[in-house]
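178 is the number that my numbering gives the last residue of the sequence shown; the numbers go up by one with no jumps.
Data block below; observations after.
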Amino acid sequence: MVYDNFNPPESWKRVTAVMMIRAGCKDMEVMKTACVARNTVKSIRSELEESNNDYEKDPEFVEKLKKKVQEDPSKSCTKLAEELGVGNTTVRVCINEDLRYHFYKRRKGQILTEKAQENHPNIWPPNSPDCNLCDFYLWGAVERDTNRTACNTMAELKAHITLCFKKLPRDQKGRRG
């Protein structure tokens, strides 16, 4: 087999160029080894330099971010990034890797705050016979009567339910559990 004509895909060339640039190789070495043009090497090098400036992994930055998060844990990563003057991805990576914090919202649903619980009181459980008499006696009796005969249409079912309610004695309609 002849391997002289092997032409690697562009993604391989780019990865090789990135690895060589990070290793400190000169542009000419990268061009010859990775088989890429000089403009490609320059653009990759400039992209790497820009991205390195974006992520400030010094302890001061991490400490600033930690204080901001502890001040207001509900603040979004985008807002934190704007305040600190870095990219959104930078903040997310730093929160996950450096601070070892995990986003609560992604793991578990939100819990109602005290104010929200005041607006939505849960006085009785949903299946309490004290709450809903119809669910425990009345609808059971009506269901028994309507299930004795098959209903083919919605109108027929409604008529059966109405008839069952009319047949129920008055004392059973107001009966408690």
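We put the beta carbon where it would ideally sit given N, CA and C, even for glycine.
When DSSP labels each residue in this structure, what does residue i get in the three-state scheme?
{"i": "T150", "result": "coil"}
{"i": "A35", "result": "helix"}
{"i": "Y102", "result": "coil"}
{"i": "P10", "result": "coil"}
{"i": "K69", "result": "helix"}
{"i": "S44", "result": "helix"}
{"i": "C95", "result": "helix"}
{"i": "G141", "result": "helix"}
For residue i, is the classification buried or exposed, using 16 other Cβ atoms within 10 angstroms of its Cβ as the cut-off for buried?
{"i": "A18", "result": "buried"}
{"i": "K109", "result": "Low confidence applies here, because K109 scores a pLDDT of 46, under 50, leaving its location unreliable; read the following figure in that light. Counting Cβ neighbours within 10 Å, K109 comes out exposed, since fewer than 16 surround it."}
{"i": "K167", "result": "exposed"}
{"i": "K33", "result": "exposed"}
{"i": "V16", "result": "exposed"}
{"i": "K68", "result": "exposed"}
{"i": "T91", "result": "buried"}
{"i": "K14", "result": "buried"}
{"i": "A35", "result": "buried"}
Would you mind giving the Cβ-Cβ distance between residue i and residue j, rounded to the nearest angstrom? I have them listed as a contact below 8 Å.
{"i": "L100", "j": "L66", "result": "7 Å"}
{"i": "C152", "j": "L158", "result": "4 Å"}
{"i": "E11", "j": "M21", "result": "About 15 Å; that fails the 8 Å criterion."}
Could you check whether the segment 39–46 touches the segment 76–84, counting it as contact only if at least three pairs of C-beta atoms, one from each stretch, sit closer than 8 Å?
no
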